[in-house]
Structures are given as structure tokens and as C-alpha cells.
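These notes are about the structure you will find just below.
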Amino acid sequence: MDDPESPPLSNGELARIFHEIGDMLEVKGELVFKTVAYHRAADAIAHSPVEVARAYRAGDPPRIAGVGEAIARKIEELARTGHLAFYEHLREEVPPSLVALLGIPGVGPRTVKQLHDELGVETLDDLRRAAEAGTLRGLRGMSEKTEEQVLAGIATLENRKDRMRLGQAEEIVETLLAELAETPGLRSIQPAGSFRRRRETIGDLDLLAETDRPLELVGRFVGLPTVESIIARGPHKAAVRLLRGPQVDLMVMPPDEAGTYLIHFTGSKEHNVRLRGMARDRGWSLSEKGYLRLGDDGEPATGDAADLRVFPTEAEAYGFLGLPFIEPELREDRGEIEAAVAGQLPRLVARTDLRGDCHSHSDWSDGVHAIEQMAESARRRGYAYLVLTDHTVSLAIARGLDLERVERQRRIVAALNERFAREEAAGTAPPETAPEGFRLLHGCELEVRADATLDYPDELLATYDLVVGSVHVARRQSREQLTARTLAAIRSPHVDVIAHPAGRYIGSREDLDLDWDTVYEEAARTGTALELNGSDERLDLSDVRARRAAELGCVFAIDSDAHRTEELDNLRWGTAMARRAWLGPDRIVNTRSRAELIDWTAGKPGRV
DNA sequence: GCCGTTTTCGGCCCGACTGTTTTCAGTCG
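Here this note's numbering is used: the first residue of the first sequence is 1, the next is one more, and so on.
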């Protein structure tokens, strides 16, 4: 029965259902291509810029690659009723506890089916008991050793850490690279995988090395003090789990053949599948080893090495398919192949394009470091400006500033800027100082109250260099209320940037329930920038949302939201998200000079 | 189940490692 009153399922919820269907079909032993089709469709829905269920309910189903007639019918049913009979029947047949067994490393769908059919295993505990009782060894292809592996796999699953934040991944990678750097024979070593693509969270880490002495490198790698266990170890490849840390894969490549290796191990899997398809169309088989010419039978030729093509760089390896180099952040099969074929890849914004930072805090509100420390730190990073945006009065928990403290803070900012100007004139500023000089701009992080009013009066807001507006409180309001509050900030002539528009914390706090397209359209119409918040706990807007916003004409600010000096470097993660959203420097307001930025903020009433 | 400037049927990406195997299936990335 239709239930138009209930909120439509989110893309994430739809994707989870179709992934689960794919998993259940795998366990049932269904044709593998069918299960893959469900997973592909689930991924496409998860990354869709439009709210799929809402669009179906409105009678305007979007065209989604990988969603054909059968899956479209299922989305339709889910969108209209919130239920899917096919899914519910499947869950009775293949209980979720059985699907959960797929999470055990080393246990795949065939094994789960075998365990269920032959031993009646339905849950993790069933399997644990069976392995401990030694009843697995009687099954075809299983032994005592299998039982040990299953038990170890269950332990791993139960201890499995959540995916890492980018900053955590970076720290581990840098430690590993330092520990392996002095290995004899090593020519180069670098991270690949989702960390190189800068996905918002990282599961496993991948390292790629060129070395003349593979055995020595692999040996040192598996012997590192932080290695808890060795998962696999071959002559050119090894996988380990770190103590209280992630799995790390090391791959050794022959010197001067890195091109296809880097592509293969950087991924994404979906990007690689597309490349292999292109290679196949041209009569070549692509693997990490290079391009191998296909014979008349459609199989790669064996024997003579004459038909293997290898390349020292990724650019050359892409070039073999007639493609330009594709930036790692774009390699998600979200249109980058088509753009590359058409010669229309975007020029992505780079960290060095940024001239300043529009969102930062001091110990006047909830930051750690003093105003002067924050300013000095930004100056020594070569910025032309840092906007100090401490919280406003109603956010008492963060010591929001009342009017009297705003005035005192303003005098401190002015005094600092006088000193900076004097030093620049006298030539005594730090050598890292930007050519245009450095100034601390005065702003605030303006609270949008629960009733959609702004925390400071217009007369006060008009005195700031730049204002970022934020929704922090009353997050559980209705979609209409939350959207109205965000729009109130966007429509204010004094609000220049909407800070962390979705208000999420990765892994712990969901996005605000907003009418997103309306928010994007209004931001575009008024010229209000949306923030790409660089805190690796936020990364807000997400890459998917930012790309949609850009399609609708929005501009953005890449901000650190630093609460201490070290966090100023959060700009690198904000930049990564901008790149994953296909954004160029022209869309980012803080690629502008200080004078241009100030002109832009002063022009807002005229932009409306 | 999806998809089509070679197909509306017949394909659908590739290889290393593991374990139990005597030639290969399963899992993983």
C-alpha cells in the first residue's frame, strides 16, 4: 500500500538493501554476474547526485547506469511503499546472520553455502562452535587448518577497527615509508589504493615499491615491529595486519614498469574494469603487468614476450589507450573515462592554488591556541589571509562571543595587522610570508538559531570582513525547518560562506536532512559559498554533494576549521574533496587574492 | 541482472596467493 507520508528512503538506505540482495544471492549460489549487477546498481545509487527514492515517488525516475528494468521496478516498490517483497522473501530464505559470515576474512559465498547446507550453520556462533568442535575438517576442501583460519578470521572480524580517517592513514603510511626507506635495493616506494585516491575513509593501505631486491624488501616489510600477523607472503607481494591497525599490502614492481602497476593498485576497481574493457575492445588484455595482445581466440597470447607492453609512468600507460593522465581522485568510474575520451577532464584545484583560509578558531571560543599563534602559523605557511571565525554568543558551550568581546577581539586583530604591515614594510616579516603580505581577517562563525533567526544583528554582521554561517543546534528538526534555517543564512546579505552544510561527523553523525537541491540553487543564486570543511572527521560537503552543487552553479570555500595551529593543514583534505568533486580553482573563493576576496564579500548584497 | 557505432543474445576484467589439490577452486584486491 502506498504510504506517501513516510519519508522516502535515502540513497544510502537503498544502496544497503541492494548490496544485501547481492550478498544473499551470492550465498544462494546465484549466477555471479547477477550478484555483481545488484552490487553495481547499489554503488551507482549511493553515488547518485539526486535523491533516487524521492525522484521515483515524484514520478521522475532518473536514468542510472547499471539500473535496468528489474532493479528499477524494485526501487519503485521501495520508494512507494518502503517495502520490497522480493527482498523480504530473500531474507527469510537467507537470514542476515548468514550473510554476516561473508565478513570473515577468507570466507566467501561458496564456503558459507557449503557450511549452511552441510552443517546447518546459520550464525557466527554456530560457525565458531563447529570450528572449535572440529566438525569442519570432515567437509570437502577443509582441514584442521581451515578451522584455525576460521577462528582467527572470526577474531579479526570482531576486533576489526572501523575505517580510518585520512589523517590516521597518512600517519601510518608515513611511518611505514620511513621504516622501509633504507632497505637495500629500494628505488622508490609510494602509497596507492584508496588513500592515494583520497577517499573520505580508508580501509586497507597499499604500498608499491620498485626494487632490485624484492625478497629483501618483502622480508623487511613482514618483519616490521608493528606487524601483528602475516596474512600472505609471496616473492613479490605480501599482506600484513598491523598491531591495532589496518591491513597493509605491499606489491613489488619491476623497475621502470610502474605505469600499469600504479593504475592497477590505485584503483578504483570500477575504474580498472572500465580500462580493461577498453583494452579488450582494442585487442589487448590489461593487468598490472602491462598490456598483453589477445590472440584470435580472444585469449592472451602466451610464450613470446614480444606482445607485452609495459610503461614506466601512468601517463604513458593511459596513453596506450588514447587517454590522457587521469588524476587519482577522479578514478571512481563517475564519468572520468568518458571525459578523458572526449578530452574534457577538468583542471583540478591544487593545494598551492589556495591563498588563504576562511574558517578558524582561537582560544577566545573553543580553539586551543591564541589569536596571535594562529595568525603567525598561517603567515608562516605563506597564506595571504586567515579569517578568524570564533563562535557567536548563543553557542555558549563553545564560549561564543558577546558584543563586548567581539569589540575587544576586533582591537586585537587590528593591532596584529598593524604589526604585520610594519614588518612587511621594514622587510622583517618571515621569509615565508606571501608576496602580497599577510593579514588576519576578522570574521565569525554565525549561529543560525533553532527559530531560523541569526545570532547577531545585521549592523554588527556588516562590520566583519567575512561571515560563515552554521547550523549546530536543534539538528532533529523537520526537513522543512532545517532547510528554512539554512536558507535564512544563505539569504542574509552578510553571510558569505555556509560552514559544514551537512553538519555530519563521519561514522557517528548523519547529514542534516535538507532539501539539498533547493539549498544548492539558492546558494548559487545568491553567490553564497558552500564550505568544503577540511577536518577529516567532517569532510563536509562530501565529494558527491559538492559535485551536485557545482552542477547547479555553486562556488565553494576550502576551509580548515582549525581549532589549533596544526589543524591549519586540514586544507589538504578539503582540497582532496574538492578534487574528488571535479572542482577547478575558479570555483574556489579562497584561491583569490586578499583584495579579490574582500571585494567578493563586500559585493554580496549586489550578488543577490 | 545489465547492456549494445561490431551484439536484443551472449557476453560480462585479471592475476596472486592459499590450501588441499594430483590439476584446481575459492578468496581477495
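Glycine included, C-beta positions come from ideal geometry on N, C-alpha and C.
Option in the options with minimal Cα separation from residue i
i: V497; options: V468, I506, D125; result: V468
i: G141; options: V107, G603, E158; result: V107
i: R80; options: L31, A578, L98, A55; result: A55
i: A578; options: A562, A85, A415, V555; result: V555
i: S478; options: H472, L514, I172; result: L514
i: I231; options: P225, L224, R241; result: R241
i: E407; options: Y383, H361, E436, Y464; result: Y464
i: K74; options: A425, L9, L386; result: L9
i: E634; options: R439, R410, Q409; result: Residue coverage of the chain in this structure runs from 1 to 608, which leaves residue 634 outside it and unanswerable.
i: H398; options: R410, W364, T428, L115; result: Checking the sequence, you will find Ala at residue 398 rather than His. Comparing Cα-Cα distances from A398 to each of R410, W364, T428, L115, the minimum goes to W364.
i: V341; options: D586, R274, E299; result: R274
i: V94; options: G82, E77, V112; result: V112
i: N417; options: L308, S508, E376, T518; result: E376
i: L157; options: G245, A169, R213, L224; result: G245
i: V618; options: A550, Y383, E404, L441; result: Lying before the first or after the last residue shown, residue 618 is absent from the chain, which here runs from 1 to 608.
i: A44; options: A58, R57, D23, R16; result: R16
Rounded C-alpha distance that separates residue i from residue j
i: V589; j: V495; result: 14 Å
i: A53; j: N11; result: 7 Å
i: N570; j: A529; result: 18 Å
i: E228; j: V222; result: 9 Å
i: T638; j: V544; result: No answer is possible for residue 638: it lies beyond the span of the chain, which begins at 1 and ends at 608.
i: A70; j: P96; result: 23 Å
i: E316; j: G259; result: 7 Å
i: P324; j: Y291; result: 17 Å
i: D60; j: D540; result: 28 Å
i: L619; j: H359; result: In the structure as shown, the chain begins at 1 and stops at 608. Residue 619 is therefore absent and cannot be evaluated.
i: S188; j: L180; result: 10 Å
i: E445; j: L14; result: 35 Å
i: E257; j: I412; result: 57 Å
i: E609; j: E447; result: In the structure as shown, the chain starts at 1 and stops at 608, and residue 609 therefore has no counterpart that could be examined.
i: S143; j: Q114; result: 14 Å
i: E480; j: E596; result: 35 Å
i: G295; j: P312; result: 25 Å
i: E77; j: A85; result: 9 Å
i: T486; j: D455; result: 13 Å
i: I506; j: M164; result: 10 Å
i: A484; j: P49; result: 21 Å
i: T146; j: T591; result: 57 Å
i: E338; j: R419; result: 52 Å
i: G574; j: L532; result: 5 Å
i: V32; j: G219; result: 37 Å
i: H47; j: A65; result: 11 Å
i: R293; j: L186; result: 31 Å
i: V471; j: S542; result: 17 Å
i: T226; j: P235; result: 21 Å
i: E30; j: R475; result: 43 Å
Residue i, buried or exposed, once every other Cβ within 10 Å from all chains shown has been counted against 16
i: E332; result: buried
i: V310; result: buried
i: A305; result: With a pLDDT of 48 at A305, under the threshold of 50, the predicted position of this residue should be treated as unreliable, though the coordinate-derived value follows. Exposed, by the Cβ-count rule.
i: H391; result: buried
i: N272; result: buried
i: R196; result: buried
i: Q247; result: buried
i: E210; result: buried
i: E92; result: exposed
i: D212; result: exposed
i: P214; result: buried
Inter-residue CB distance, residue i and residue j (contact presumed, cutoff 8 Å)
i: E329; j: A576; result: 6 Å
i: L262; j: E314; result: 5 Å
i: G603; j: D561; result: 24 Å between Cβ atoms; not a contact.
i: L388; j: G443; result: 6 Å
i: Q373; j: T565; result: 6 Å
i: E26; j: P109; result: 4 Å
i: L321; j: M253; result: So it is not a contact: roughly 20 Å between Cβ atoms.
i: A488; j: A452; result: 5 Å
i: D281; j: D559; result: Not quite, the Cβ-Cβ distance comes to about 43 Å (not below 8 Å), so this is no contact.
For this session: State whether the segment 203-211 contacts the segment 100-119, with contact taken as three or more CB pairs (one from each stretch) at a distance under 8 Å.
Result: no
Exercise. Should the segment 576-585 be regarded as contacting the segment 330-349, the criterion being three or more beta carbon pairs within less than 8 Å?
Worked result: yes
For this session: Spell out a yes or no on whether the segment 185-194 and the segment 266-281 are touching, meaning 3 or more CB-CB pairs, one atom from each, closer than 8 Å.
Result: yes
Problem set entry | the segment 441-461 / the segment 337-352 touching (three or more Cβ pairs under 8 Å) | no
For this session: Check whether the segment 171-181 touches the segment 128-147, counting contact only when three or more Cβ pairs, one atom from each stretch, lie closer than 8 Å.
Result: no
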